[in-house]
Amino acid sequence: MSRSLPAAEASPLDLLHGEMRRQSADALASLDAAREGARAVAAHVRSTGRLLMLGMGASHWANRMALANYRALGVDARAEVLSEQIRMPAARRDHAVLLTSQSGGSGEIRVWLERQGDLAGVFGLTLQADSLLGRAVPCLVGQGGRERAFAATRSVTLTLALHAAVLEALGMDVAALRDVWASTPGLPPPAPEPAVHALASCRTLVLASRGELVPVLECAALTYMELSRTPALALELGQLIHGPQEAMGPDTALVLARPDGPDAAGVTRFARATVSWGVPVVLFDMGGRHQAIEETTAIALPALTGLPAVARLLPAVQALAIVAAARRVPDMGVPRRSSKVTDGEAA
Numbered sequence: 000m001s002r003s004l005p006a007a008e009a010s011p012l013d014l015l016h017g018e019m020r021r022q023s024a025d026a027l028a029s030l031d032a033a034r035e036g037a038r039a040v041a042a043h044v045r046s047t048g049r050l051l052m053l054g055m056g057a058s059h060w061a062n063r064m065a066l067a068n069y070r071a072l073g074v075d076a077r078a079e080v081l082s083e084q085i086r087m088p089a090a091r092r093d094h095a096v097l098l099t100s101q102s103g104g105s106g107e108i109r110v111w112l113e114r115q116g117d118l119a120g121v122f123g124l125t126l127q128a129d130s131l132l133g134r135a136v137p138c139l140v141g142q143g144g145r146e147r148a149f150a151a152t153r154s155v156t157l158t159l160a161l162h163a164a165v166l167e168a169l170g171m172d173v174a175a176l177r178d179v180w181a182s183t184p185g186l187p188p189p190a191p192e193p194a195v196h197a198l199a200s201c202r203t204l205v206l207a208s209r210g211e212l213v214p215v216l217e218c219a220a221l222t223y224m225e226l227s228r229t230p231a232l233a234l235e236l237g238q239l240i241h242g243p244q245e246a247m248g249p250d251t252a253l254v255l256a257r258p259d260g261p262d263a264a265g266v267t268r269f270a271r272a273t274v275s276w277g278v279p280v281v282l283f284d285m286g287g288r289h290q291a292i293e294e295t296t297a298i299a300l301p302a303l304t305g306l307p308a309v310a311r312l313l314p315a316v317q318a319l320a321i322v323a324a325a326r327r328v329p330d331m332g333v334p335r336r337s338s339k340v341t342d343g344e345a346a
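Position one of the sequence shown corresponds to residue 0 (numbering that gives the first Met the number 0), numbered consecutively onward.
Printed below as a string of structure tokens:
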């Protein structure tokens, strides 16, 4: 039986929307507040030339969203799942480490810290300065306090902002990213009804794109599963074509993100193919300059690339996942088996 909420307590949907309304302003505040600490992180990254980013859940996907930007600056960067890294043979520490955890107190963070004899060169990204992570290593802290809603929304955007502070210290121009957050306050416009219906009525959701947009959809798949209790699979488009597309049909909904660049043509071809299989297709179109695809539901977004594209797509796909989940599940956002701070390493 699902537990009910006290009458005076905000509903899970209200909590999610409240977090999303704040995320752009808090992202800008986080980017500014993290500047000094980011210089120390950047100095260590620059001295080693290598960076290992570790996280769980949405924190891992946020690390993956930033990954290509570090590599574009010449950093040999990797983003790994923390629970997997814990179980790998110990490697020589010749790199900087970023531990990413919105709560700073997950079981995986605890175990990883306990197993390290030396924390030199280890830094954290978190929303809670007084957490286990915040007390153990120098941390960049997202502004606006902890996230209350079960599914991660604002915390993902703030993690991007903290990464952006490090990237700026390494030499990346973040003006376009600032413009995205300055121009998108509040909730995104409501998603078209056919898009909501597709996600609210499917048996399985599949999400795919190319390049920098893939981890945004990976994060959205997590949000959708947490809230709708419906299976979702997010893959890089090539990985989807290499076999898993055999599982798609009329009871599958497909969300595609079409980037503004040379990969747009391949996404377009796949969208047309899936329409012919009877699959309902929702297409987030970065730029809206590409040709329309019949029988798809298109959601046009500004022509952006890099981290600005990630920051613009993220709240749009979050909002769609949330409204569809609310239509599917009466007690959406009230977890049955999970918790906001997870201990996946509990005995």
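Where is the CB? At the ideal position from N, CA and C, for every residue including glycine.
Here the structure is a predicted model, which is why all the values come from computation and not from measurement.
Nearest-angstrom beta carbon gap, residue j and residue i [assumed within contact, 8 Å]
{"i": "L281", "j": "V254", "result": "Reading off the sequence shown, one finds Val at residue 281, where the question assumed Leu. Confirmed, about 5 Å."}
{"i": "A310", "j": "Y223", "result": "Not confirmed; about 20 Å, so no contact."}
{"i": "G143", "j": "R21", "result": "6 Å"}
{"i": "R354", "j": "M285", "result": "The question about residue 354 has no answer here: the residues shown for the chain are numbered 0 through 346."}
{"i": "L239", "j": "V205", "result": "7 Å"}
{"i": "L211", "j": "A67", "result": "Residue identity differs from the one stated: residue 211 is Glu in this sequence, not Leu. About 5 Å; that satisfies the 8 Å criterion."}
{"i": "V74", "j": "V44", "result": "6 Å"}
{"i": "E331", "j": "L226", "result": "Here residue 331 is Met; the residue named in the question, Glu, does not match the sequence. Confirmed, about 5 Å."}
{"i": "M52", "j": "A71", "result": "In fact, because the Cβ distance is near 15 Å, the residues do not count as touching under 8 Å."}
{"i": "H241", "j": "T267", "result": "The Cβ separation is near 19 Å, so there is no contact."}
{"i": "E113", "j": "I85", "result": "Wrong, their Cβ atoms sit about 10 Å apart, outside the cutoff."}
{"i": "A219", "j": "A233", "result": "7 Å"}
DSSP state of residue i mapped onto helix, strand, coil
{"i": "P5", "result": "In this prediction, P5 scores a pLDDT of 43, lower than 50, which makes its location untrustworthy; the coordinate-derived value is nonetheless stated afterwards. Looking at P5 - three-state DSSP - the assignment turns out to be coil, as it is neither helix nor strand."}
{"i": "L157", "result": "helix"}
{"i": "G106", "result": "helix"}
{"i": "I240", "result": "helix"}
{"i": "L66", "result": "helix"}
{"i": "A256", "result": "strand"}
{"i": "E294", "result": "coil"}
{"i": "F269", "result": "helix"}
{"i": "A302", "result": "coil"}
{"i": "I218", "result": "According to the sequence shown, residue 218 is Cys rather than Ile. Here C218 sits in helix by DSSP."}
{"i": "V280", "result": "strand"}
{"i": "A89", "result": "coil"}
{"i": "M285", "result": "strand"}
{"i": "G332", "result": "coil"}
{"i": "M171", "result": "coil"}
{"i": "M19", "result": "helix"}
{"i": "E146", "result": "coil"}
{"i": "R228", "result": "coil"}
{"i": "R45", "result": "helix"}
{"i": "P11", "result": "helix"}
Whether residue i touches residue j by CB criterion (8 Å)
{"i": "V195", "j": "A323", "result": "yes"}
{"i": "S19", "j": "R228", "result": "Residue identity check: residue 19 is Met in the sequence provided, not Ser. Not a contact, by the Cβ cut-off of 8 Å."}
{"i": "A252", "j": "A197", "result": "yes"}
{"i": "T158", "j": "G141", "result": "yes"}
{"i": "T203", "j": "L313", "result": "no"}
{"i": "G277", "j": "P243", "result": "no"}
{"i": "L176", "j": "L306", "result": "yes"}
{"i": "W180", "j": "A26", "result": "yes"}
{"i": "V213", "j": "P11", "result": "no"}
{"i": "V165", "j": "V80", "result": "no"}
{"i": "S29", "j": "A160", "result": "yes"}
{"i": "L221", "j": "D259", "result": "no"}
{"i": "H94", "j": "L139", "result": "no"}
{"i": "R38", "j": "A119", "result": "no"}
Bridge-paired residues (DSSP) for residue i
{"i": "V74", "result": "In DSSP, V74 forms no bridge with anything."}
{"i": "E235", "result": "S208"}
{"i": "E79", "result": "L53"}
{"i": "L124", "result": "T99 and L139"}
{"i": "T251", "result": "T203"}
Three or more beta-carbon pairs under 8 Å between the stretch 137-157 and the stretch 181-188, yes or no? no
Taking 8 Å as the cut-off, does the stretch 116-133 touch the stretch 266-277 (at least 3 CB pairs, one atom from each stretch)? no
Do three or more CB pairs link the stretch 54-62 to the stretch 95-114 at distances below 8 Å? yes
Can at least three beta-carbon pairs, one atom from the stretch 33-42 and one from the stretch 189-203, be found at a separation below 8 Å? no
I want to know whether the stretch 86-93 touches the stretch 132-141 - three or more CB-CB distances under 8 Å. no
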